[in-house]
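Visitor: For the sequence shown, the residue numbers in my numbering are 1224 to 1437.
Just so it is clear, CB atoms sit at the ideal spot from N, CA and C, and this is done for glycine as well.
Fair warning: this is a prediction, and the values are worked out from it, not measured in the lab.
One structure follows; several queries about it will come next.
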Amino acid sequence: MDTTQRTEQQRSADRRRRELLEAADRVVLRDGPQASMNAIAAEAGITKPILYRHFGDKGGLYAALAKRHTDALLNSLRAALDAPAERRERVEATLDTYLAAIEARPQVYRFLMHPAEGSTGAEQGFDVGKHSAPLLRRMGEELAQVIEDRLDLGPNSQQLARVWGHGIVGMMHAAGDWWLGEQPCSRAELVKSLADLLWGRLAAAGDRIGGPGF
């Protein structure tokens, strides 16, 4: 098989995978954590064994969907951090971007963060911690790198940036999960309260020399 044929086959496989993920997204938007492999296969117009061939099992499909949505969310968070605004405004915009994303697609959020809620029959025992923890870990590492690149945190800056990155992601996740379930206040009120909590140390830190600024 020549290179052109291999490239075309890869493109075809990638296109088919995107189509299956889009079908899975439609089912997740409708069913949330109750989304099943059977329903996703039916939505895609294929049999479940063919879906397994592409993703292995529900865990494999979950990982692919998590990467798809995390990539999109991280791009939005980077855009908020890079916006031409004062630091406090960008902190609030970044918090709001995360909360707006989970508010806009709560069924997707619940599927990614609480998938065990819908596990039944052959799919029972889907391990929420095993699959959702790496998603949060990735977000924490990404934010840690942003902080390290932009802020002068003095000695042990790399370690402190990771503490801040994972701490901020943990705060956003826990507060957002609670808020999405109970809706105790407006999104704007939650954003302001979380920004107030973060602001003291963030306001005091200087920009890293030669960095893009924070």
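#1: H1389 and G1423 - do their beta-carbons sit closer together than 8 Å?
#2: Under a Cβ-count criterion, where at least 16 other Cβ atoms within 10 Å of its own Cβ denotes burial, should I1325 be classed as buried or exposed?
#3: Under the three-state reduction of DSSP, which class applies to D1280: helix, strand or coil?
#4: Does the distance from the C-beta atom of A1262 to that of F1334 stay below 8 Å?
#5: Starting from G1388, follow the alpha helix (DSSP H) in both directions and report where the run begins and ends.
#6: Applying the criterion that 16 or more other CB atoms from any shown protein chain within 10 Å of the CB defines a buried residue, is P1307 buried or exposed?
#7: Should A1327 be labelled buried (16 or more other beta-carbon atoms within 10 Å of its own) or exposed?
#8: If you draw a straight line from the alpha carbon of G1282 to that of G1429, how long is it in whole angstroms?
#9: Where T1320 and G1433 are concerned, what is the direct C-alpha to C-alpha distance, given to the nearest angstrom?
#10: Please report the residue range of the alpha helix (DSSP H) in which R1311 lies.
#11: Assign E1315 to buried or exposed, taking buried as 16 or more other Cβ atoms, counted over all protein chains shown, within 10 Å of its Cβ.
#12: Look at L1243 and Q1330 and say whether their C-beta atoms are less than 8 Å apart.
#13: Would W1401 be called buried (16 or more neighbouring beta carbons within 10 Å of its own) or exposed?
Guide: Looking at the coordinates:
#1: As a working mapping, residue 1423 is identified with position 200 in the sequence shown. As a working mapping, residue 1389 is identified with position 166 in the sequence shown. No, Cβ-Cβ distance for G1423 and H1389 is not below 8 Å.
#2: The residue labelled residue 1325 in the question sits at position 102 within the sequence shown. With 16 or more other Cβ atoms within 10 Å, it is buried.
#3: To locate residue 1280, count along the sequence shown from 1; it is residue 57. Coil, per DSSP.
#4: To locate residue 1262, count along the sequence shown from 1; it is residue 39. To locate residue 1334, count along the sequence shown from 1; it is residue 111. No, they are not a contact pair.
#5: Taking the first residue of the sequence shown as position 1, residue 1388 is located at position 165. Residues S1380 to E1405.
#6: The residue given as residue 1307 occupies position 84 in the sequence shown. Its Cβ having fewer than 16 others within 10 Å, P1307 is exposed.
#7: Here residue 1327 refers to the residue found at position 104 of the sequence shown. Answer is exposed; the Cβ neighbour count stays below 16.
#8: For the purposes of this step, residue 1282 is taken as the residue at position 59 of the sequence shown. For the purposes of this step, residue 1429 is taken as the residue at position 206 of the sequence shown. One Cα belongs to G1282, the other to G1429, and the distance between them is close to 42 Å.
#9: Residue 1320 sits at position 97 when you count from the first residue of the sequence shown. Residue 1433 sits at position 210 when you count from the first residue of the sequence shown. Straight-line Cα distance between these residues: approximately 27 Å.
#10: Here residue 1311 corresponds to residue number 88 of the sequence shown, with the count starting at 1. From DSSP, the alpha helix (DSSP H) with R1311 extends over R1310 to A1327.
#11: The residue given as residue 1315 occupies position 92 in the sequence shown. Classification of E1315: buried, given that the 10 Å Cβ count is 16 or more.
#12: Here residue 1243 refers to the residue found at position 20 when the sequence shown is read from its first residue. Here residue 1330 refers to the residue found at position 107 when the sequence shown is read from its first residue. Their beta carbons are not under 8 Å apart, which means L1243 does not touch Q1330 by this criterion.
#13: Here residue 1401 refers to the residue found at position 178 of the sequence shown. W1401 comes out exposed.
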